[in-house]
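These notes are about the structure you will find just below.
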Amino acid sequence: MKSKKITRRGVIKSGVATTVAVAAPTIWVPTIAASQSVNVWTYANFIPKDFKKEFEKETGIKIRERLVDDQGKEFNLLAAEKNNPTADICTVAGHRFSQFIDSELIAPLDTSRLKNWSTVNKIYSESDWSVVNGKKWGVPILSGAEVMGYNSDIVSKEEARSWDVMFGEKYKGQTALILQDMMSIVMLYLGYDGNMVAYLNDPAKAKSIVNEARDFLIKHKDKVRKYYDSGAEIQQMLINQDVVVCHAWSGSISKLIMDGFPAEMTIPKEGSYGFIYCYNIANNGPNTDNAYKFLDALLARPEIGANMTKASGYISTFKGSSKYLTDLERRTSSFTEEELAGLQFFRAEANKMKYSLVDPAVEVIKAA
Amino acid sequence: MTRNTRILMSILYWAFVIYLFVPLIMMVLMGFKDSNFIGFPIRSWTLHWYTIVVQDMEVLSIFGYSMIIALSSTVIALMIGTWAAILLGPTKFRGKMIVFALVCLPAVIPGIISAIALRIFAETINLSPGTLAIIIGHTIHNVPFVVLVVIARLNTQPISHIDAAKDLGADNLIAFFRVTLPYLKPALIGAGIFCMLISFDDFVRSFFLGGYEPTLPVYIFSQLRTGMSPVINAISAVALLITVIFGLMAERIIRQN
Amino acid sequence: MPINNSRISASDSRGFWSWLSSNQSYHSVSLFLIGTHRKRFIFLAAVPILWALVANFAPLLKMLEISFYEAYPLSKGREIVYTLDNWVEFFLLNVYTIPFLRSIVFSIILTISTLILTYPIAYFLAQHLPKSKQLLYLLILLIPFWVGEIIRTYAIMILLGNRGLINLILQFFGLIEKPIPFMYTYFSLGIGIVYLTSLYMLLPLYSILEQIPKNLLEASADLGAGPWTRFWRVTLPLSKDGIASGCTLVFLISMGFYAAPVMLGGPSSTMFSETIAGHFNVAADRWPVGAAFSSIMLISTLVIAATFLKIMGRGGKGIIR
């Protein structure tokens, strides 16, 4: 009998060979050390591929992207790397600044090194949420808000004018919220300062306010279908009609609307908070000079701002980016004058005290 | 067993198969949905997503990367795990329980703790994040499962087999390779499959220990940020198809031997 | 050496081993390295113990060390301060003990359910199918596990949601008027996780059941035992090791689950792994608490698993003898 052509060894060999060949680019390419590079930790699809190629051609600097998907994990990773950072730029949401700053994970921004700093809309670049310890931190790229999202086929615009609708009987068991952020909103709703800056010198009062907000949420726990923490979850919940009114980040709802789903978002009359995503320079990063060059190049192109809006649903901070958006995209990522009046930015000053009270409160609510 | 019991068990098996396959069918279906989100009802269908995925070299190479990591960590884990199982199975010694606990430790620790601990530890031994770190991380996670599966099988091996081999002039080492190892084959295959699955699906270790090349779960997670879209489902469906083809080929070869 | 073309590789290796066992120099080396019991033990134990210490224990020691810090990572100028506070915190507040106990109870129930569900399947595969088909049927079962956890979980969401497939079908046939809220309950949690754990129970069970010789059952039938007795008195005790193995695996894994419970559970089903992860996601001063909680969870899970294995070993040889 002739020896069989297909032997076990042969199959395994060819299988491995194919896999190696296919995987080759991902493994071998990085070891061809780029003479210059910049390591950017960013959300997916923010930086367009053609920009990466252009930038590399113009400056010889290779952009190495590390995909992150939430602030928590990014913080963990930066903290674990602290003694030997590999990041040059990371994406931080403004109201989490303080935890990154306290752990010395990010460096202040030297705006004099950015030719195109003026691309950033003044509302974002000049406002004082971005100033902590007297310094500026990070280049604002996207702006978002804590909004109330709702299924416009079921919930009426009038009902959505107030946060009351989330705590009423009508939609019992059909609401969802992000606990940690909701605590700030509830404090605002109950008439206090959700940023807790006003109580920096009065920890007892701060504690009693947090307790009041916590007890309020526990009292209304039965109205909630789910406590969630990622954008994709709330989108799925709205699509599946498991939930018809919710607290969410504007980007998630915005993308739903862009897709044609009957959703709307609003900032209720009691007000809410806004936050800014920034590209921050990492502390002691390996290529800080390249990082500034990268940021400058980014700021020179308002269409990248539009790209980020399309990818995330948030409003770009780049002047002139909205003209690259379609009408629908523009509409879904903006608010009315009236709504904007009720919107304040999250502020970082009192964060340490605030979260030391809020985090345990969140655990209590979950366990209730 | 009576014929009725046999039919009943057959029904049970296929019912279980349906239970397992339904989410998979959902995933494949959703890859055809003409929308940026998944869900029912599907109003219009499109081949757009699948076309993108199949043509996207980036996605395919990420898949290959994940595969290589899975294969490497599986092979190493099988070797170390079997070695540990031989030690912990039949041999009696003091402190056995402690060693057993130590060896199985990584299985008990929640993923994120393990990943962070390994990342910090990697710093202290100057292992930079990247492919090697991920492979080591996955191996560490895989070994306990290999040990558990192999030990169960090892304990059923009649000692007479080894005695017979020794009578024929083999020493312990040769007896292991010629008698024990073949006996362990089903356990090794089972454990090997476990390891491939665990490694391929692992997100948290790949995220923390990885460098600038994402594994497939890391990539999918990051795409998830902008919503669970049909394209993610299409990617997984294609990845699944490739794996199934490999698996079927492997089954055929093993059966022929 | 016989020339047997179609199985060249097998006979090559057979030839190699027979050559080796009759080789004098090999035997001298072997005698030197593993000739005595003691030497054999050292040879056997060296690699696993080294591995256990360096790869498994060392990172954990670091985590344990962090659990006694006051804060980590350290800001500039701060010294390391050791404290027991992080550990104490767990016992003081029942917001932590509740999810902890819930996780344990849930994992136990999950393990038992998975066992009951998968044992018949494993039995069917091992004893009822001809050897040639066994691998194929097993592989069929394995295919769905290659779909990532997140995708599977979202698939369950669109299946069970208020406008998911099941509700749509039920409403289409007029069986219900309003959608049944399947999602975000212990039910959806169970469905989502048993799916993940059944594999870890199935393979060890199959591996054990596969090697129970059929003639044993035939012999007991000849002695007058009915099918139920045969199962209870012959098959079950012989599969004890597989049960122990599978249950331990499933219990350990289910304690560590994070993503699926977070997505599928409701507002009152927080698992301890979520509590721990939460401590890592926020400001620096909580990492040590997270580390302490993980250590607590680790120790308790190990104790439970060890006790279980010891009990399973009673009256028999046990998985670790």
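Chains as they are written, first to last, in my numbering: chain C, 1 to 368; chain X, 1001 to 1257; chain W, 2001 to 2321. Even for Gly, the Cβ is constructed at its ideal location relative to N, Cα and C.
| Item | Value |
| --- | --- |
| Cβ contact (3+ pairs, closer than 8 angstroms) linking the stretch 135-146 of chain C and the stretch 105-120 of chain C | yes |
| Reduced DSSP category for residue 163 of chain C - H, G, I as helix; E, B as strand; rest coil | coil |
| 8 angstroms contact criterion, which residue 2244 of chain W and residue 1099 of chain X should meet: CB distance rounded | So it is not a contact: roughly 18 angstroms between Cβ atoms. |
| Where residue 369 of chain C meets chain X, residues with beta-carbon distance less than 7 angstroms | Absent from the model: residue 369 of chain C. The displayed extent of chain C is 1 to 368, so no value can be given. |
| Buried versus exposed, by CB contacts within 10 Å (16 or more), residue 1171 of chain X | buried |
| Environment of residue 2146 of chain W [buried if 16+ CB atoms lie within 10 Å] | buried |
| Cβ neighbour criterion (16 or more within 10 Å) applied to residue 110 of chain C | exposed |
| Cβ of residue 1319 of chain X within 8 angstroms of any chain W Cβ | Absent from the model: residue 1319 of chain X. The displayed extent of chain X is 1001 to 1257, so no value can be given. |
| Close-in-space but distant-in-sequence residues of the same chain around residue 2248 of chain W (CB under 6 angstroms, 5 per side omitted) | 2305 |
| For residue 32 of chain C, the three-state DSSP class (helix, strand or coil) | A caution first: residue 32 of chain C carries a pLDDT of 42, below 50, which makes its placement in the model unreliable, though a value can still be read off. Coil at residue 32 of chain C, not helix or strand. |
| Nonlocal neighbours in the same chain, by C-beta distance under 6 angstroms from residue 100 of chain C, ignoring five residues either side | 92 and 106 |
| Length-filtered (3 minimum) beta strand (DSSP E) runs lying within the stretch 330-364 of chain C | 343-345 |
| Chain-ordered neighbours of residue 2034 of chain W on chain X, where CB pairs are closer than 9 angstroms | 1171, 1172 and 1173 |
| Any C-beta of chain W under 8 angstroms from that of residue 1243 of chain X | yes |
| Residue 2148 of chain W at chain X interface by Cβ criterion, 8 angstroms | yes |
| Chain W within 8 angstroms of residue 1005 of chain X, Cβ atoms only | yes |
| Chain W within 8 angstroms of residue 1192 of chain X, Cβ atoms only | no |
| Residues that DSSP places opposite residue 2027 of chain W in a beta bridge | Residue 2027 of chain W pairs with nothing; no bridge assigned. |
| DSSP-derived helix/strand/coil call for residue 2072 of chain W | coil |
| Unbroken alpha helix (DSSP H) run spanning residue 1014 of chain X, endpoints | 1003-1030 |
| Chain C contacts from the stretch 2037-2068 of chain W (Cβ-Cβ distance under 9 angstroms) | none |
| Residue range of the unbroken alpha helix (DSSP H) whose run includes residue 2038 of chain W | 2037-2051 |
| Cβ contact check for the stretch 2137-2154 of chain W and the stretch 2210-2228 of chain W: 3 or more pairs under 8 angstroms | no |
| Residue-chain proximity (residue 30 of chain C, chain W), Cβ-Cβ < 8 angstroms | Reliability fails at residue 30 of chain C, whose pLDDT of 47 lies under 50, so the model's placement of it is uncertain and no value is given. |
| Between the CA atoms of residue 2056 of chain W and residue 2065 of chain W - distance to the nearest angstrom | 15 angstroms |
| Distance between beta carbons of residue 1131 of chain X and residue 1069 of chain X, contact taken as under 8 angstroms | 7 angstroms |
| Residues of the stretch 226-245 of chain C whose Cβ lies closer than 9 angstroms to any Cβ of chain W, in chain order | 226, 227, 228, 229, 230, 232, 233, 236, 237, 239, 240, 241, 242 and 243 |
| Short Cβ contact (8 angstroms threshold) for residue 183 of chain C with residue 213 of chain C | yes |
| Chain C residues whose Cβ lies nearer than 8 angstroms to that of residue 2267 of chain W | 221, 224, 225, 226, 227 and 366 |
| Rounded C-alpha distance that separates residue 2129 of chain W from residue 2211 of chain W | 13 angstroms |
| CB contact check: residue 1050 of chain X to chain C, cutoff 8 angstroms | no |
| Among X:1213, X:1160, X:1121 and X:1181, nearest to residue 64 of chain C - alpha-carbon criterion | X:1213 |
| Nearest neighbour of residue 2060 of chain W, chosen from X:1107, X:1016, X:1036 and X:1054 [CA to CA] | X:1107 |
| Residue burial classification, residue 103 of chain C (beta-carbon count within 10 angstroms, cutoff 16) | buried |
| Option in X:1111, X:1155 and X:1168 with minimal Cα separation from residue 1137 of chain X | X:1111 |
| Run of the beta strand (DSSP E) containing residue 249 of chain C, from where it starts to where it stops | 245-249 |
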